[in-house]
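A short worksheet on the structure shown next.
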Amino acid sequence: NKRSPTHDEL
Amino acid sequence: MNIFRLFGDLSHLASILILIHKIQTSRSCRGISFKTQALYVAVFVTRYLDLLYAEHVSIYNTFMKLFFIGSSCYILYLMKVRFRPTQDPSIDTFRLEYLLGPSVVLALIFNYTFSFTEVLWAFSIYLEALAILPQLFMLQRTGEAEAITTHYLAALGAYRALYIPNWLYRYFSEGTVDPIAVVAGIVQTGLYVDFFYIYFTKVLRGQKFELPA
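Protein sequence lines correspond, in order, to chains A and B. In this text, residue positions in the first sequence follow this note's numbering: the first is 1, and each later residue adds one. In this text, residue positions in the second sequence follow this note's numbering: the first is 1, and each later residue adds one.
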């Protein structure tokens, strides 16, 4: 599953 | 984590605390759009349910996600139960379909993986960009706002504005670019431009927030 590069953001 | 994102998040946290403080001290939710607050619950729930299935990011990340889900639900409770009589739906007239419809369509077209969870994530990003519109529309209809309401909006706008230098920083330090978050974030910040202008030229000088006729 390709996730957003900034999924570690809020 | 960088200083822009940290201050952005703290500003977001502050905006919610300002809003809860305003409602509790004035015992009223006058001037606050219920629709905008309900949309934020939808944004936080659809984005942060990844706590249940995605890999752990950090204690900070988990704590903030739980705080945003919990506090936004609490605000809905304050508006619909505790101080219900002070909430006036007759001036909160923005049509939610205009925001939910485009967010669903955009999420189905522009996402990182066509899976349920990733479409949900993209939906939450697009919806967040638009969620402030019922509130800004309400300000425009009433033509003025209490200072505390404007401080809430300023803190919320500052959070979005600070995420832009955060993305620039991440681009130069990590080579990370997130087109979905960046485009939605720039649109979202852009929606505050008029508001910020009046906030800086009037409210911070002690004048009332009043829109020009």
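Beta carbons are placed, not taken as given, at the ideal position from N, Cα and C, and that holds for glycine. Just so we're clear, the structure is a prediction, and the values are computed from it rather than from any experiment.
- The region 94 to 151 of chain B contains, as complete alpha helix (DSSP H) runs of 4+ residues, the segments 97 to 109, 116 to 130 and 133 to 142 (chain order).
- In the structure shown, the three-state DSSP call for phenylalanine 34 of chain B is helix.
- Between the beta-carbon of alanine 154 of chain B and that of tyrosine 199 of chain B there is about 5 Å, and that keeps the pair under the 8 Å contact cut.
- Taking each of B:Thr142, B:Tyr163 and B:Tyr171 in turn and checking the Cα distance to lysine 208 of chain B, the smallest one comes out for B:Thr142.
- The three-state reading of DSSP puts glutamate 9 of chain A in coil, since its state is none of H, G, I, E or B.
- Here DSSP, grouped into helix, strand and coil, assigns glutamate 55 of chain B to coil.
- Out of B:Tyr152, B:Lys202 and B:Thr176, the CA that lies nearest to the CA of serine 15 of chain B is found in B:Tyr152.
- With contacts defined as CB atoms closer than 8 Å, phenylalanine 110 of chain B and isoleucine 186 of chain B fail to qualify as a contacting pair.
- Taking C-beta separations shorter than 8 Å and ignoring five residues to either side along the sequence, the partners of leucine 127 of chain B in its chain run Leu39, Ala42, Val43, Thr46, Leu99, Leu100 and Ser103, following chain order.
- Comparing alpha carbon positions, the residue from B:Ala145, B:Glu118, B:Val193 and B:Tyr163 closest to serine 11 of chain B is B:Tyr163.
- Counting C-beta pairs with one atom in each stretch, the region 21 to 41 of chain B and the region 119 to 139 of chain B have three or more that are closer than 8 Å, which means they touch.
- In the structure shown, phenylalanine 209 of chain B falls within a strand segment according to DSSP collapsed to helix, strand and coil.
- Bounds of any alpha helix (DSSP H) do not take in serine 28 of chain B, whose DSSP letter is neither H nor E.
- Using a Cβ-Cβ cut-off of 8 Å, aspartate 194 of chain B is close to nothing in chain A; its nearest Cβ partner there is about 26 Å away.
- Under the three-state reduction of DSSP, valine 177 of chain B is assigned to coil, being neither helix nor strand.
- Between the C-alpha atoms of arginine 84 of chain B and glutamine 140 of chain B there is a straight-line separation of about 23 Å.
- For isoleucine 91 of chain B against methionine 138 of chain B, the beta-carbon gap comes to about 6 Å, under 8 Å, which counts as contact.
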